[in-house]
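Protein chains in written order, with the working numbering: chain A, 687 to 987; chain B, 687 to 987; chain C, 687 to 987. The beta carbon of each residue, even a glycine, is placed where N, CA and C say it ideally should be.
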Amino acid sequence: MKITGTFLDEITHDIPSNNWDVEEWAADFDAMRAVGIDTVILIRAGYRDRVTFNSETLSRELVMRPAYIDLVDLFLTQAERTGMTFYFGIYDSGRFWHQGQPEKEVELNLRFTEEVARKYGDRKAFGGWYMTHEIHEHDEGVTRLIERLARHVKGLKDVPVLMSPYVRGRKQFDDNPITPEEHEAQWDEILSILGGFVDTIAFQDGQVEFAELPVFMEINTRLARKHGLQPWSNVESFERGMPLNFLPIDWRNLRNKIEVAEAGGVEKLITFEFSHFMSPNSMWPSARTLYKRYQEYIDRG
Amino acid sequence: MKITGTFLDEITHDIPSNNWDVEEWAADFDAMRAVGIDTVILIRAGYRDRVTFNSETLSRELVMRPAYIDLVDLFLTQAERTGMTFYFGIYDSGRFWHQGQPEKEVELNLRFTEEVARKYGDRKAFGGWYMTHEIHEHDEGVTRLIERLARHVKGLKDVPVLMSPYVRGRKQFDDNPITPEEHEAQWDEILSILGGFVDTIAFQDGQVEFAELPVFMEINTRLARKHGLQPWSNVESFERGMPLNFLPIDWRNLRNKIEVAEAGGVEKLITFEFSHFMSPNSMWPSARTLYKRYQEYIDRG
Amino acid sequence: MKITGTFLDEITHDIPSNNWDVEEWAADFDAMRAVGIDTVILIRAGYRDRVTFNSETLSRELVMRPAYIDLVDLFLTQAERTGMTFYFGIYDSGRFWHQGQPEKEVELNLRFTEEVARKYGDRKAFGGWYMTHEIHEHDEGVTRLIERLARHVKGLKDVPVLMSPYVRGRKQFDDNPITPEEHEAQWDEILSILGGFVDTIAFQDGQVEFAELPVFMEINTRLARKHGLQPWSNVESFERGMPLNFLPIDWRNLRNKIEVAEAGGVEKLITFEFSHFMSPNSMWPSARTLYKRYQEYIDRG
């Protein structure tokens, strides 16, 4: 099974910039295409005061920094040139929904996604919405936020809606990891609410120990199907649990997770993310060797 | 407005070494020159037991490690070859002035700068002194340390004296950031003392949030002029607020800060620092793309 | 004095992967050979659930992840091709010996090393055992663990046994660094137990301040000889005490430590480790310049 989708992370919390412009992005879409990637997912269109294009909606409500180039247009153009599907990740304020004001987060995104639909909705590559707000357990306010926004964006343009939650796993939260049973109960509840509006769910695979991954994968896949969602897996291509956060993953670890996901019966593999962690163009030389290892692997079949 | 000065950071607290020798430094001075850099500033001639040349003064007083090559001579030679002005950063013990013994720090530097003046004072490129001790608020002992050393070095060789303080900003000190009003009061006091001895002040621009930068820039520029100093800005070319400290900055962030500084009326832009963070020769590949982005930007005019 | 040995760190706690396969490893053994390396030391054959080859012993007792390629065979083959001696580092559970069950750690390794001796014991390059469990002071259970395993492996194949402990030095443990006197007392005790079974001891040199290194080096060398061990030094080629853990060391620091070790009378220099930190093939570009500096240094003689 191949990784056929990747996030695009140009408005980031924590990943340093490759400092690319059109020419470097074009080369990277070619490199993606060469290993079978057909889907690109903008992780977020904006975060706090940063944004991928100069949005009238956001600038009216908030003090935003300038977007010197329109990255949404750039990514759509490259997706069209290379025949890929583009998912649009919505805006994350980085504050309202963490500070008990999910209403404000919803309001902003209702108007923002309307602007996006007007501006980019007719673009050929625009093939999905991505629910940017990452969750790991049920919180009434935040689950309802995702429900309302997913319903709204499907009304604006009826294409699949994707989310990619995390697991409160031992590798990242080792003082208080979630058990498989708790995880299942939380997500049964969440997906009973979101099932009608979110189409696809790709859990992140990096927070749990390798030995626990099959158990969580089985739960995630089963729950997705129970509630009518397509199960994908987000095969993270960066290494977790190292003093250096975050560097390209060891190829053995990536392969292990690909094979666990395949055995778990997911329908598509995506990764966070190609351009920093497994690209021949990455700022990290070990991403270039990872690309080579991955290419040999898929060539062997 | 272009960045026309850079620090040289070969005795460092926190930046890993490029491991360059004469040949690589020569190439880097050429790369600097190609984008208009005319000023290089040695951030410190020594720190604790490390030193840029084998100083008799320091070795008499302290246990110093050997300097296998004379970096001051190397940098002066390159500055002379490429027609740049060199600022000499003094010695930082890393302890006396933090431990209530600013007198001891002054004494060491009085003798050390005399040795420096004897040894390198006649070099053609030697065009300034840099006050290495970084401060952010008024402390009687430390402000007087800078006053005495600035006065002394001007007596040794009458060339401009530069300092580059930081702001106790929200991005780095988010449990207790300074307000613009407090910052203004502190620096009005400090510059009323240093005004006659320090010629130029280049505040670091990376500790405050982007939205706050214009306010701090306005205060800094106004206070500098009020007390007779030239306002420059230290447009930091590394990213702050990331899990990885420190990597090349996102080009959008660098551009934003350049334009805020220009709008704020500073007279020159310098950066910490070219060779790691925006050089085509850097150990960080994303510095190489940053150089390309910056070059395109200045070529557009 | 040249560095003539290096660790191989492909089952790691904390160093990101270069993502190499046979072809890149072959190139790196060539690069080692070109600067005089004649000894390679596998730091550990396995750690927790990761392993360098699919071991029947470990898989019977523990849930292990698959080893997609046999790294022990790969390293032995490269060592044979380039005429080097290979030391085999044993298994570290990462838990039993930290959790008061050194017996369990011993049991696993008794069976595991027997499997290793059967499988690889006749290989031409197999020239030493490496005691993987790193210690810094005497703990009855752990010292006895090393004693029993060292005795056992020598019975399986009578080749030298090496260990590479650390010093609880100020650079890493600055709230509670060990004094030279305490260090000497601890190691006099430890080596009085291990002296008959461990042949060679290479203390890590990166945890103590540069100024203290000669004192610790003298103690280490003297104690080794007193108890009949060969003193080597592990000249670490990564930088300690930086925000980024771990990057290639500043060449000046490496040179300093090489010369201190030589003056201290050690018999061989090894490093942790060549392939990430001083190789022309490393994922870190500054390792490539470090290789160049080191090569110039040894060429000067």
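Check your understanding: Quick one, are the C-beta atoms of A/Glu-833 and A/Ile-879 less than 7 Å apart?
Key -> Counting from one through the first sequence, the residue named residue 833 of chain A turns up at place 147. Counting from one through the first sequence, the residue named residue 879 of chain A turns up at place 193. Cβ atoms of A/Glu-833 and A/Ile-879: closer than 7 Å.
Check your understanding: In chain order, which continuous runs of the beta strand (DSSP E) of length 3 or greater are located wholly inside the region 773-817 of chain B?
Key -> The qualifying runs are 812-817.
Review point. For the region 918-980 of chain B, which segments carrying the alpha helix (DSSP H) assignment without a break, of at least 4 residues, lie completely within its bounds, in sequence order?
Key: Restricting attention to alpha helix (DSSP H) runs no shorter than 4 residues, the region 918-980 of chain B encloses them at 937-949 and 960-963, ordered along the chain.
Check your understanding: Measuring CB to CB, does A/Val-726 end up less than 7 Å from A/Met-770?
Key -> Counting from 1 along the first sequence, the entry for residue 726 of chain A is found at position 40. Counting from 1 along the first sequence, the entry for residue 770 of chain A is found at position 84. It is a contact, given that the beta carbons lie within the stated cut-off.
Check your understanding: Across which residues does DSSP place A/Gln-890 in a beta bridge pair?
Key -> Counted from its first residue, the first sequence places residue 890 of chain A at position 204. A/Asn-920, per the DSSP bridge assignment.
Review point. DSSP state of A/Val-884, grouped into three classes?
Key: Looking up residue 884 of chain A in the first sequence gives position 198. DSSP places A/Val-884 outside both helix and strand once states are collapsed to three, so it counts as coil.
Check your understanding: Can you find a CB in chain C that lies within less than 7 Å of the CB of B/Tyr-980?
Key -> Locating residue 980 of chain B in the second sequence gives position 294, counting from the first residue. With a threshold of 7 Å between beta carbons, B/Tyr-980 makes no contact with chain C.
Exercise for review: Whole angstroms is fine: what's the gap from A/Phe-902's alpha carbon to C/His-784's?
Suggested key: Residue mapping note: residue 902 of chain A aligns to position 216 of the first sequence, counting from 1. Residue mapping note: residue 784 of chain C aligns to position 98 of the third sequence, counting from 1. Cα to Cα, A/Phe-902 sits roughly 28 Å from C/His-784.
**Study point:** Beta-carbon proximity of C/Ser-961 to C/Asp-714, cut-off 7 Å
**Key:** The sequence position of residue 961 of chain C within the third sequence is 275, counting from 1. The sequence position of residue 714 of chain C within the third sequence is 28, counting from 1. Contact: yes.
Exercise for review: Measure the alpha-carbon distance for B/Tyr-980 versus A/Trp-937 and round it to whole angstroms.
Suggested key: As a first step, residue 980 of chain B must be located in the second sequence, where it is residue number 294. As a first step, residue 937 of chain A must be located in the first sequence, where it is residue number 251. Pairing B/Tyr-980 with A/Trp-937, the inter-Cα distance amounts to about 34 Å.
**Study point:** Contacts around C/Gln-893, its chain only, beta-carbon distance under 6 Å, and the 5 residues preceding and following it disregarded
**Key:** The residue given as residue 893 of chain C occupies position 207 in the third sequence. The residues are Tyr-852, Val-853, Gly-855, Lys-857 and Gln-858.
Exercise for review: Starting from B/Phe-896, find everything on chain A with Cβ-Cβ shorter than 8 Å and list it in chain order.
Suggested key: Here residue 896 of chain B refers to the residue found at position 210 when the second sequence is read from its first residue. Residues of chain A passing the Cβ test: Asp-735 and Arg-751.
**Study point:** chain B residues whose Cβ lies nearer than 9 Å to that of A/Phe-932
**Key:** If you number the first sequence from 1, residue 932 of chain A lands on position 246. Under the 9 Å cutoff, chain B gives Pro-929 and Leu-930.
Review point. Taking DSSP as the reference, what is the three-state secondary structure of C/Met-903?
Key: By one-based count along the third sequence, residue 903 of chain C stands at place 217. In this structure, C/Met-903 counts as helix in the three-state DSSP scheme.
Review point. In chain C, which residues lie with their C-beta within 8 Å of the C-beta of A/Ser-972?
Key: Taking the first residue of the first sequence as 1, we reach residue 972 of chain A at position 286. Pro-702, Ser-703, Asn-704, Asn-705 and Met-969, listed in chain order.
Review point. Taking the DSSP output, what are the residues bridged to C/Leu-831?
Key: Here residue 831 of chain C corresponds to residue number 145 of the third sequence, with the count starting at 1. Under DSSP, no beta-bridge partner is assigned to C/Leu-831.
Check your understanding: Since A/Glu-710 meets chain B, which of its residues come closer than 8 Å, beta carbon to beta carbon?
Key -> Working through the first sequence from its first residue, we reach residue 710 of chain A at position 24. Result: Thr-975.
**Study point:** At least three beta-carbon pairs within less than 8 Å, the region 731-749 of chain C to the region 689-697 of chain C
**Key:** Short answer: they touch.
**Study point:** Buried versus exposed call for C/Gly-786 [16 or more other C-beta atoms within 10 Å across all chains shown]
**Key:** Residue 786 of chain C sits at position 100 when you count from the first residue of the third sequence. Its Cβ having fewer than 16 others within 10 Å, C/Gly-786 is exposed.
Review point. What does C/Arg-941 touch in chain E if you count any residue whose Cβ is under 7 Å from its own?
Key: Absent from the structure: chain E. Protein chains present are A, B and C.
Practice item. Might you give, ordered along the chain, the residues of its own chain that have their beta carbon closer than 7 Å to the beta carbon of B/His-913, omitting 5 neighbours on each side? Key: In the second sequence, residue 913 of chain B corresponds to position 227, counting from 1. Non-local C-beta neighbours of B/His-913 in its own chain, meaning closer than 7 Å and more than five positions away in sequence, comprise Leu-877, Ser-878 and Gly-881, ordered along the chain.
Check your understanding: Which chain A residues are close to B/Arg-938, counting only those with a beta carbon under 7 Å from its beta carbon?
Key -> In the second sequence, residue 938 of chain B corresponds to position 252, counting from 1. In chain order, Tyr-754 make up the part of chain A whose C-beta sits under 7 Å from the C-beta of B/Arg-938.
**Study point:** Under 8 Å by beta carbon: chain B residues contacting C/Glu-959
**Key:** Here residue 959 of chain C corresponds to residue number 273 of the third sequence, with the count starting at 1. The premise fails here: C/Glu-959 is roughly 17 Å from chain B at the closest Cβ pair, so nothing lies under 8 Å.
**Study point:** Pick from B/Gly-841, B/Leu-842, B/Ser-850 and B/Arg-804 that is closest to B/Glu-643, judged by C-alpha positions
**Key:** The requested residue 643 of chain B is not part of the displayed model; chain B covers only 687 to 987.
**Study point:** Backbone CA spacing between B/Leu-976 and B/Phe-798 [nearest angstrom]
**Key:** As a first step, residue 976 of chain B must be located in the second sequence, where it is residue number 290. As a first step, residue 798 of chain B must be located in the second sequence, where it is residue number 112. Those two C-alpha atoms are separated by around 37 Å.
Point to revise | Range covered by the alpha helix (DSSP H) that runs through A/Thr-865 | key: On the first sequence, residue 865 of chain A is found 179 positions in, with the first residue counted as 1. Taken as a continuous stretch (DSSP letters only), A/Thr-865 belongs to no alpha helix (DSSP H), as it is neither H nor E.
Practice item. Give a yes or no on whether 7 Å exceeds the smallest Cβ distance from A/Glu-833 to chain C. Key: Residue mapping note: residue 833 of chain A aligns to position 147 of the first sequence, counting from 1. Not one chain C Cβ lies under 7 Å of A/Glu-833.
Check your understanding: If you measure beta-carbon to beta-carbon, which residues of the region 916-928 of chain C are closer than 8 Å to chain B?
Key -> Within the region 916-928 of chain C, the residues whose Cβ lies closer than 8 Å to any Cβ of chain B are, in chain order, Glu-925 and Met-928.
**Study point:** Of the residues A/Gly-722, A/Leu-835, A/Trp-711 and A/Asp-724, the one placed nearest A/Met-759, counting alpha carbons only
**Key:** Looking up residue 759 of chain A in the first sequence gives position 73. In the sequence on display, residue 759 of chain A carries Asp and not Met. Taking A/Asp-759 as reference, the option from A/Gly-722, A/Leu-835, A/Trp-711 and A/Asp-724 with the minimal CA-CA separation is A/Trp-711.
**Study point:** Sequence-distant residues of its chain with Cβ nearer than 8 Å to B/Val-721 (five each side left out)
**Key:** Indexing the second sequence from 1 puts residue 721 of chain B at position 35. Around B/Val-721, the same chain offers Lys-688, Ile-689, Tyr-977, Tyr-980, Gln-981 and Ile-984 as residues with beta carbons nearer than 8 Å, after the five sequence neighbours per side are excluded.
Check your understanding: Quick one: Cα of B/Arg-809 to Cα of B/Phe-774, how far?
Key -> Within the second sequence, the letter at position 123 stands for residue 809 of chain B. Within the second sequence, the letter at position 88 stands for residue 774 of chain B. For B/Arg-809 and B/Phe-774, the distance between alpha carbons rounds to 12 Å.
Exercise for review: With a threshold of 6 Å, establish whether the CB of C/Phe-963 neighbours any heavy atom of the ligand ADP.
Suggested key: The ligand ADP is not part of the structure shown, which contains no ligands of any sort.
Check your understanding: Would you report the Cα separation of A/Arg-888 and C/Leu-794, rounded to the nearest angstrom?
Key -> Here residue 888 of chain A corresponds to residue number 202 of the first sequence, with the count starting at 1. Here residue 794 of chain C corresponds to residue number 108 of the third sequence, with the count starting at 1. Per the sequence shown, the amino acid found at residue 888 of chain A is Ala instead of Arg. Approximately 39 Å between the Cα atoms of the pair.
Check your understanding: How would you write the range of the beta strand (DSSP E) that B/Val-853 sits in, first residue to last?
Key -> Numbered from 1 along the second sequence, position 167 holds the residue referred to as residue 853 of chain B. In the DSSP assignment, B/Val-853 falls outside any beta strand (DSSP E), carrying neither H nor E.
Point to revise | Supposed close pair A/Phe-772, A/Phe-812 - CB separation, criterion 8 Å | key: Numbered from 1 along the first sequence, position 86 holds the residue referred to as residue 772 of chain A. Numbered from 1 along the first sequence, position 126 holds the residue referred to as residue 812 of chain A. A/Phe-812 and A/Phe-772 do touch by the CB rule: their CB atoms are close to 6 Å apart, below 8 Å.
Practice item. May I ask you to report which of helix, strand or coil DSSP gives B/Trp-984? Key: In the second sequence, the residue the question calls residue 984 of chain B occupies position 298. Checking the displayed sequence, the identity of residue 984 of chain B turns out to be Ile instead of Trp. It is helical.
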